[in-house]
Amino acid sequence: MLRIHFGWRDLENVRLVQQPDPLWELMCAVCRLQTDEGPLEFGHWRQRSTHLLARDSRADTALRTLRTLIPATGYIPDFLTPPVTGENLDAALDKVRATPRERLVAELAQLAASRPLPLPAWVRGPHERHTSTLLMTADALRDSFRVLLEPYWRQVRSAVGDDVAVRARAALGGGTGALLAGLHPFARWNPPYLDVDYPVERELRLEGRGLTLVPSYFCWRRPTALADPGLDPVLVYPVAKQPFDHALTGEEGLERLLGRTRSAVLAEVAGHRTRTTADVARALHLAPASASYQIGVLRGAGLIVSRRVGKRVEHSATPLAHGLLSGSGSPLRREPMFRSG
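When we follow my numbering, the leftmost residue of the sequence shown carries the number 938, and every step to the right adds one.
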(Lines of atoms letter the chains of each structure in order from A and count residues from 1; the text may use other names and numbers.)
(Lines give C-alpha, C1' and ligand atoms only; values in the text may rest on other atoms or scores of the structure.)
Protein backbone atom coordinates (compact mmCIF):
# COMPACT_ATOMS: atom_id res chain seq x y z
CA MET A 1 0.00 0.00 0.00
CA LEU A 2 1.07 3.57 -0.74
CA ARG A 3 -0.10 6.01 1.93
CA ILE A 4 -0.11 9.63 0.75
CA HIS A 5 -0.14 12.21 3.54
CA PHE A 6 -2.13 15.40 2.82
CA GLY A 7 -1.98 18.75 4.58
CA TRP A 8 -4.50 21.54 4.10
CA ARG A 9 -2.27 23.23 1.53
CA ASP A 10 -2.06 19.99 -0.43
CA LEU A 11 -5.84 19.80 -0.68
CA GLU A 12 -5.78 23.21 -2.35
CA ASN A 13 -3.20 22.00 -4.87
CA VAL A 14 -4.62 18.78 -6.28
CA ARG A 15 -4.47 18.92 -10.09
CA LEU A 16 -6.23 16.62 -12.54
CA VAL A 17 -4.46 16.35 -15.91
CA GLN A 18 -7.02 16.66 -18.68
CA GLN A 19 -5.26 14.78 -21.50
CA PRO A 20 -3.27 11.54 -21.73
CA ASP A 21 0.41 11.98 -20.94
CA PRO A 22 2.40 10.50 -23.87
CA LEU A 23 5.35 9.14 -21.89
CA TRP A 24 3.35 7.77 -18.96
CA GLU A 25 1.12 5.99 -21.50
CA LEU A 26 4.18 4.65 -23.30
CA MET A 27 5.84 3.46 -20.10
CA CYS A 28 2.68 1.61 -19.08
CA ALA A 29 2.27 0.22 -22.60
CA VAL A 30 5.80 -1.22 -22.60
CA CYS A 31 4.98 -2.92 -19.29
CA ARG A 32 1.71 -4.31 -20.70
CA LEU A 33 3.49 -5.67 -23.76
CA GLN A 34 5.78 -7.76 -21.55
CA THR A 35 2.92 -9.59 -19.81
CA ASP A 36 -0.40 -11.19 -20.71
CA GLU A 37 -2.39 -8.93 -18.37
CA GLY A 38 -5.77 -7.74 -19.59
CA PRO A 39 -6.26 -10.14 -22.52
CA LEU A 40 -9.65 -8.63 -23.34
CA GLU A 41 -8.50 -5.01 -23.11
CA PHE A 42 -5.05 -5.40 -24.67
CA GLY A 43 -5.09 -8.70 -26.58
CA HIS A 44 -5.68 -7.23 -30.04
CA TRP A 45 -3.25 -4.41 -29.33
CA ARG A 46 -0.52 -6.89 -28.35
CA GLN A 47 -1.14 -9.00 -31.43
CA ARG A 48 -1.08 -6.07 -33.81
CA SER A 49 1.91 -4.43 -32.13
CA THR A 50 3.88 -7.67 -32.39
CA HIS A 51 3.00 -7.84 -36.08
CA LEU A 52 4.08 -4.24 -36.70
CA LEU A 53 7.33 -4.71 -34.79
CA ALA A 54 8.18 -7.71 -36.94
CA ARG A 55 7.90 -5.44 -40.00
CA ASP A 56 9.71 -2.45 -38.51
CA SER A 57 13.29 -3.18 -37.47
CA ARG A 58 13.83 0.36 -36.21
CA ALA A 59 10.87 0.20 -33.83
CA ASP A 60 11.80 -3.33 -32.77
CA THR A 61 15.30 -2.14 -31.83
CA ALA A 62 13.79 0.82 -30.01
CA LEU A 63 11.53 -1.41 -27.96
CA ARG A 64 14.44 -3.66 -26.97
CA THR A 65 16.20 -0.52 -25.73
CA LEU A 66 13.18 0.49 -23.67
CA ARG A 67 12.72 -2.97 -22.19
CA THR A 68 16.16 -2.55 -20.64
CA LEU A 69 14.93 0.60 -18.88
CA ILE A 70 11.30 -0.41 -18.31
CA PRO A 71 10.89 -3.87 -16.75
CA ALA A 72 7.40 -5.31 -16.41
CA THR A 73 7.69 -5.00 -12.62
CA GLY A 74 10.02 -3.25 -10.24
CA TYR A 75 11.94 0.00 -10.39
CA ILE A 76 11.66 2.24 -13.47
CA PRO A 77 13.78 5.41 -13.75
CA ASP A 78 11.79 8.59 -13.21
CA PHE A 79 13.59 10.56 -15.92
CA LEU A 80 11.55 8.62 -18.50
CA THR A 81 8.33 10.37 -17.40
CA PRO A 82 9.06 14.10 -16.98
CA PRO A 83 6.22 16.54 -16.29
CA VAL A 84 4.69 17.91 -19.49
CA THR A 85 1.82 20.16 -20.48
CA GLY A 86 -0.79 18.45 -22.60
CA GLU A 87 -0.06 15.84 -25.24
CA ASN A 88 3.14 17.38 -26.58
CA LEU A 89 5.44 14.44 -27.23
CA ASP A 90 8.20 16.67 -28.60
CA ALA A 91 8.29 18.72 -25.39
CA ALA A 92 8.40 15.55 -23.31
CA LEU A 93 11.32 14.16 -25.31
CA ASP A 94 13.16 17.46 -24.99
CA LYS A 95 12.89 17.11 -21.21
CA VAL A 96 14.23 13.56 -21.36
CA ARG A 97 17.22 14.77 -23.38
CA ALA A 98 17.81 17.54 -20.82
CA THR A 99 18.09 15.14 -17.85
CA PRO A 100 21.05 16.26 -15.68
CA ARG A 101 24.04 13.92 -15.65
CA GLU A 102 23.91 13.40 -11.87
CA ARG A 103 20.26 12.38 -11.97
CA LEU A 104 20.78 10.01 -14.89
CA VAL A 105 23.71 8.31 -13.17
CA ALA A 106 21.81 7.94 -9.89
CA GLU A 107 18.66 6.52 -11.45
CA LEU A 108 20.50 4.08 -13.70
CA ALA A 109 22.53 2.91 -10.70
CA GLN A 110 19.27 2.26 -8.85
CA LEU A 111 17.94 0.38 -11.88
CA ALA A 112 21.10 -1.77 -12.00
CA ALA A 113 20.83 -2.55 -8.29
CA SER A 114 17.24 -3.71 -8.74
CA ARG A 115 18.02 -6.13 -11.60
CA PRO A 116 19.34 -9.69 -11.25
CA LEU A 117 21.44 -9.44 -14.43
CA PRO A 118 23.95 -6.75 -15.44
CA LEU A 119 22.68 -3.93 -17.61
CA PRO A 120 24.02 -3.49 -21.16
CA ALA A 121 27.22 -1.50 -21.62
CA TRP A 122 25.41 1.55 -23.01
CA VAL A 123 23.49 1.83 -19.73
CA ARG A 124 26.40 1.04 -17.41
CA GLY A 125 28.61 3.92 -18.57
CA PRO A 126 26.47 7.09 -18.43
CA HIS A 127 29.35 9.16 -16.99
CA GLU A 128 31.18 8.98 -20.30
CA ARG A 129 28.13 8.74 -22.56
CA HIS A 130 25.60 10.97 -20.83
CA THR A 131 24.48 12.79 -23.98
CA SER A 132 24.46 9.76 -26.27
CA THR A 133 22.52 7.71 -23.70
CA LEU A 134 19.80 10.35 -23.52
CA LEU A 135 19.65 10.79 -27.29
CA MET A 136 19.37 7.03 -27.77
CA THR A 137 16.64 6.84 -25.14
CA ALA A 138 14.64 9.72 -26.63
CA ASP A 139 14.84 8.18 -30.11
CA ALA A 140 13.70 4.83 -28.69
CA LEU A 141 10.76 6.50 -26.95
CA ARG A 142 9.65 8.22 -30.17
CA ASP A 143 9.98 5.12 -32.37
CA SER A 144 8.18 2.92 -29.84
CA PHE A 145 5.41 5.50 -29.44
CA ARG A 146 4.91 5.52 -33.21
CA VAL A 147 4.19 1.79 -33.32
CA LEU A 148 2.66 1.02 -29.92
CA LEU A 149 0.45 4.06 -29.34
CA GLU A 150 0.02 6.22 -32.42
CA PRO A 151 -2.57 3.99 -34.16
CA TYR A 152 -4.70 3.96 -30.99
CA TRP A 153 -4.23 7.48 -29.68
CA ARG A 154 -7.72 8.62 -30.59
CA GLN A 155 -9.30 5.99 -28.32
CA VAL A 156 -6.75 6.65 -25.57
CA ARG A 157 -7.67 10.34 -25.69
CA SER A 158 -11.38 9.56 -25.69
CA ALA A 159 -11.19 7.23 -22.67
CA VAL A 160 -9.12 9.72 -20.69
CA GLY A 161 -11.51 12.53 -21.63
CA ASP A 162 -14.50 10.52 -20.39
CA ASP A 163 -12.74 9.85 -17.08
CA VAL A 164 -11.80 13.51 -16.63
CA ALA A 165 -15.38 14.61 -17.27
CA VAL A 166 -16.71 12.31 -14.53
CA ARG A 167 -14.10 13.38 -11.99
CA ALA A 168 -14.48 17.06 -12.82
CA ARG A 169 -18.21 16.83 -12.08
CA ALA A 170 -17.46 15.13 -8.77
CA ALA A 171 -14.98 17.85 -7.82
CA LEU A 172 -17.42 20.58 -8.84
CA GLY A 173 -20.12 19.13 -6.63
CA GLY A 174 -18.06 17.95 -3.66
CA GLY A 175 -14.64 19.56 -3.85
CA THR A 176 -11.25 17.90 -3.62
CA GLY A 177 -12.48 15.36 -1.08
CA ALA A 178 -15.04 14.05 -3.56
CA LEU A 179 -12.39 13.92 -6.28
CA LEU A 180 -10.08 11.82 -4.09
CA ALA A 181 -12.91 9.62 -2.80
CA GLY A 182 -13.85 8.92 -6.42
CA LEU A 183 -10.56 7.07 -6.94
CA HIS A 184 -12.16 4.03 -5.23
CA PRO A 185 -11.71 1.03 -5.60
CA PHE A 186 -7.95 1.34 -6.17
CA ALA A 187 -7.54 4.13 -3.61
CA ARG A 188 -9.36 5.00 -0.37
CA TRP A 189 -9.68 8.54 0.94
CA ASN A 190 -9.37 8.51 4.74
CA PRO A 191 -8.54 12.15 5.57
CA PRO A 192 -5.76 13.16 5.83
CA TYR A 193 -4.54 10.00 4.03
CA LEU A 194 -5.06 8.62 0.55
CA ASP A 195 -4.36 4.88 0.79
CA VAL A 196 -3.49 3.53 -2.65
CA ASP A 197 -3.33 -0.09 -3.81
CA TYR A 198 0.40 -0.51 -4.48
CA PRO A 199 2.84 -3.42 -4.87
CA VAL A 200 5.09 -2.34 -1.97
CA GLU A 201 4.63 -0.63 1.38
CA ARG A 202 5.47 3.04 1.03
CA GLU A 203 4.60 6.46 2.44
CA LEU A 204 4.64 9.77 0.57
CA ARG A 205 4.38 13.09 2.41
CA LEU A 206 3.21 15.87 0.13
CA GLU A 207 4.35 18.68 2.46
CA GLY A 208 2.50 21.43 0.64
CA ARG A 209 3.46 20.36 -2.88
CA GLY A 210 0.03 19.01 -3.74
CA LEU A 211 -0.63 16.05 -6.02
CA THR A 212 -1.03 15.70 -9.78
CA LEU A 213 -3.50 13.02 -10.85
CA VAL A 214 -2.73 11.53 -14.27
CA PRO A 215 -5.45 9.36 -15.86
CA SER A 216 -4.02 6.60 -18.05
CA TYR A 217 -5.41 4.09 -20.52
CA PHE A 218 -2.48 1.67 -20.30
CA CYS A 219 -2.14 1.80 -16.52
CA TRP A 220 -3.58 -1.52 -15.35
CA ARG A 221 -5.57 -2.39 -12.21
CA ARG A 222 -3.69 -0.23 -9.73
CA PRO A 223 -2.01 3.19 -9.76
CA THR A 224 1.68 3.93 -10.13
CA ALA A 225 3.83 6.84 -8.98
CA LEU A 226 7.30 8.32 -9.29
CA ALA A 227 9.91 6.45 -7.28
CA ASP A 228 11.73 9.55 -6.00
CA PRO A 229 9.73 11.22 -3.19
CA GLY A 230 11.68 14.43 -3.79
CA LEU A 231 10.09 14.99 -7.20
CA ASP A 232 6.76 16.75 -7.64
CA PRO A 233 4.21 14.11 -6.54
CA VAL A 234 2.30 12.32 -9.29
CA LEU A 235 -0.28 9.53 -9.11
CA VAL A 236 -1.07 7.75 -12.37
CA TYR A 237 -4.31 5.77 -12.22
CA PRO A 238 -6.20 3.50 -14.67
CA VAL A 239 -9.29 4.70 -16.51
CA ALA A 240 -12.22 2.60 -17.69
CA LYS A 241 -11.47 1.23 -21.13
CA GLN A 242 -13.01 -0.65 -24.01
CA PRO A 243 -11.00 -3.24 -25.96
CA PHE A 244 -9.19 -1.95 -29.01
CA ASP A 245 -10.57 -3.28 -32.28
CA HIS A 246 -9.71 -3.20 -35.95
CA ALA A 247 -12.02 -0.28 -36.63
CA LEU A 248 -9.75 1.93 -34.57
CA THR A 249 -6.57 1.29 -36.52
CA GLY A 250 -7.03 3.68 -39.40
CA GLU A 251 -3.27 3.76 -39.92
CA GLU A 252 -3.62 0.50 -41.83
CA GLY A 253 -6.11 2.15 -44.18
CA LEU A 254 -3.81 5.13 -44.61
CA GLU A 255 -0.96 2.79 -45.55
CA ARG A 256 -3.18 1.10 -48.13
CA LEU A 257 -4.17 4.49 -49.55
CA LEU A 258 -0.74 6.11 -49.72
CA GLY A 259 1.69 3.25 -49.33
CA ARG A 260 3.73 2.52 -46.24
CA THR A 261 6.68 4.81 -46.99
CA ARG A 262 4.57 7.73 -48.19
CA SER A 263 2.23 7.55 -45.18
CA ALA A 264 5.28 7.51 -42.88
CA VAL A 265 6.70 10.59 -44.63
CA LEU A 266 3.38 12.41 -44.24
CA ALA A 267 3.16 11.53 -40.54
CA GLU A 268 6.75 12.67 -39.99
CA VAL A 269 6.13 16.06 -41.61
CA ALA A 270 2.79 16.51 -39.84
CA GLY A 271 4.37 15.70 -36.49
CA HIS A 272 6.47 18.88 -36.61
CA ARG A 273 5.87 22.51 -37.41
CA THR A 274 8.26 22.20 -40.38
CA ARG A 275 10.68 19.57 -41.68
CA THR A 276 13.39 19.65 -44.31
CA THR A 277 13.97 16.81 -46.73
CA ALA A 278 17.12 15.91 -44.81
CA ASP A 279 15.12 15.80 -41.56
CA VAL A 280 12.63 13.37 -43.07
CA ALA A 281 15.32 11.19 -44.63
CA ARG A 282 17.23 10.99 -41.35
CA ALA A 283 14.15 10.27 -39.22
CA LEU A 284 12.87 7.49 -41.47
CA HIS A 285 16.21 6.08 -42.61
CA LEU A 286 15.46 6.93 -46.25
CA ALA A 287 17.84 7.92 -49.00
CA PRO A 288 17.58 11.71 -49.57
CA ALA A 289 16.43 11.15 -53.15
CA SER A 290 13.65 8.83 -51.96
CA ALA A 291 12.51 11.30 -49.31
CA SER A 292 12.51 14.11 -51.88
CA TYR A 293 10.44 12.04 -54.30
CA GLN A 294 7.83 11.10 -51.68
CA ILE A 295 7.55 14.71 -50.51
CA GLY A 296 7.04 15.82 -54.11
CA VAL A 297 4.21 13.34 -54.61
CA LEU A 298 2.53 14.45 -51.36
CA ARG A 299 2.95 18.09 -52.36
CA GLY A 300 1.31 17.39 -55.70
CA ALA A 301 -1.62 15.79 -53.87
CA GLY A 302 -2.12 18.88 -51.72
CA LEU A 303 -0.98 17.20 -48.50
CA ILE A 304 2.31 19.08 -48.07
CA VAL A 305 3.36 22.66 -48.83
CA SER A 306 6.99 23.73 -49.22
CA ARG A 307 8.63 27.14 -48.92
CA ARG A 308 12.19 28.38 -49.12
CA VAL A 309 13.67 29.94 -45.97
CA GLY A 310 17.15 31.20 -46.78
CA LYS A 311 19.05 28.21 -48.13
CA ARG A 312 16.57 25.73 -46.66
CA VAL A 313 13.36 24.35 -48.11
CA GLU A 314 10.90 23.65 -45.31
CA HIS A 315 7.87 21.39 -45.64
CA SER A 316 4.68 21.44 -43.57
CA ALA A 317 1.44 19.49 -43.66
CA THR A 318 -1.75 21.07 -44.99
CA PRO A 319 -5.12 21.05 -43.18
CA LEU A 320 -6.17 18.27 -45.53
CA ALA A 321 -3.24 16.17 -44.34
CA HIS A 322 -4.02 16.85 -40.69
CA GLY A 323 -7.61 15.79 -41.28
CA LEU A 324 -6.45 12.60 -42.97
CA LEU A 325 -4.07 11.81 -40.13
CA SER A 326 -6.72 12.65 -37.55
CA GLY A 327 -8.86 9.96 -39.10
CA SER A 328 -5.98 7.51 -38.69
CA GLY A 329 -5.53 8.39 -35.01
CA SER A 330 -2.14 10.08 -35.36
CA PRO A 331 -1.12 11.76 -32.06
CA LEU A 332 1.82 13.71 -33.42
CA ARG A 333 0.02 16.30 -35.47
CA ARG A 334 0.46 19.83 -34.19
CA GLU A 335 -3.07 21.10 -34.78
CA PRO A 336 -4.95 21.14 -32.52
CA MET A 337 -2.58 20.91 -29.55
CA PHE A 338 -4.39 20.67 -26.23
CA ARG A 339 -3.14 22.14 -22.99
CA SER A 340 -3.83 20.66 -19.59
CA GLY A 341 -5.63 22.75 -17.05
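Backbone N, C-alpha and C define an ideal beta-carbon position, used for all residues, glycine too.
Remember, it's a predicted structure, so these values are computed and weren't measured experimentally.
Those runs of the alpha helix (DSSP H) which lie wholly inside the region 1089–1168 and span at least 4 residues: 1090–1118
Identify the residues that DSSP records as bridge partners of V1242: which are they? DSSP lists S1253 as partners of V1242.
I think P1170 touches L1148, with their Cβ atoms under 8 Å apart; what is that distance to the nearest whole Å? 5 Å
For V1084, name the three-state secondary structure that DSSP assigns. It is helical.
Go ahead and pull the three-state DSSP assignment for H1067. helix
P959, DSSP secondary structure in three states: Three-state DSSP puts P959 in a helix.
Short of 7 Å in beta carbon distance, which residues of its chain neighbour L990, apart from the five on each side in sequence? Order them along the chain. A996, D997, L1000 and V1084
6 Å CB neighbourhood of L1117 in its chain, flanking five on each side removed: Only W1126 and L1131 meet the Cβ criterion.
What residue does the beta strand (DSSP E) around Y1230 start on, and which one ends it? Run containing Y1230: none in the beta strand (DSSP E); it sits in the alpha helix (DSSP H), P1225 to G1237.
Nonlocal neighbours in the same chain, by C-beta distance under 7 Å from E1044, ignoring five residues either side: P1014, D1015 and F1016
Does L1257 pass the burial test, meaning 16 or more other C-beta atoms within 10 Å, or should it be called exposed? exposed
Can you list, in chain order, the residues of its chain whose CB lies under 6 Å from that of Q971, leaving out five sequence neighbours each side? A1009
For V1021, name the three-state secondary structure that DSSP assigns. coil
Check whether the region 942–955 touches the region 1035–1051, counting contact only when three or more Cβ pairs, one atom from each stretch, lie closer than 8 Å. no
CA-to-CA distance, G1237 to T1214, given in whole angstroms: 16 Å
Does DSSP put V1221 in a helix, in a strand, or in coil? Looking at the sequence shown, residue 1221 is not Val but Leu. In this structure, L1221 counts as helix in the three-state DSSP scheme.
Can you name the residues that DSSP bridges to L1172? The partner list for L1172 (beta bridge, DSSP) reads L1150 and A1162.
Quick one: what's got a C-beta closer than 7 Å to P1057's C-beta in the same chain, skipping five residues either side? If we look at P1057 and ignore the five residues flanking it on each side, its Cβ neighbours are T1005.
Let's test the definition: count the other Cβ atoms within 10 Å of the Cβ of R1079 and tell me whether it reaches 16, buried, or not, exposed. buried
Where I941 and A1164 are concerned, what is the direct C-alpha to C-alpha distance, given to the nearest angstrom? 13 Å
At what residues does the alpha helix (DSSP H) containing R1038 begin and finish? R1038 to S1051
Are V1137 and P1160 close, meaning C-beta to C-beta below 8 Å? no
Can you check DSSP and say which residues form a bridge with R1212? H1252
Report the residue ranges of all alpha helix (DSSP H) runs contained in full by the region 988–1020; include only those spanning at least 4 residues, in chain order. Taken in chain order, the whole alpha helix (DSSP H) runs of length 4 or more contained in the region 988–1020 are 994–1006.
C-beta contact flag for A1115 and L1003 at 8 Å: At least 8 Å separates the beta-carbon of A1115 from that of L1003.
First through last residue of the alpha helix (DSSP H) which encompasses L953: Not the alpha helix (DSSP H): L953 falls in the beta strand (DSSP E), residues V951 to L953.
Look at C968 and S1153 and say whether their C-beta atoms are less than 8 Å apart. no
State yes or no: is the C-beta of V1202 nearer than 7 Å to some heavy atom of the ligand GDP? This structure lacks the ligand GDP; in fact it carries no ligand of any kind.
Tell me R940's beta-bridge partners as DSSP assigns them. D1132 and E1140
Roughly how many whole angstroms lie between the Cα atoms of L1172 and V1151? 6 Å
Can you list, in chain order, the residues of its chain whose CB lies under 7 Å from that of G1239, leaving out five sequence neighbours each side? T1255 and L1257
Determine the direct distance from the alpha carbon of T1198 to that of A1218, and round the result to whole angstroms. Straight across, the Cα-Cα distance linking A1218 with T1198 is about 11 Å.
Report all residues from its chain with a CB closer than 6 Å to the CB of E978; omit the five preceding and five following residues, and keep chain order. K1178 and P1180
Is it the case that the Cβ atoms of Q956 and G1023 are separated by a distance below 8 Å? yes
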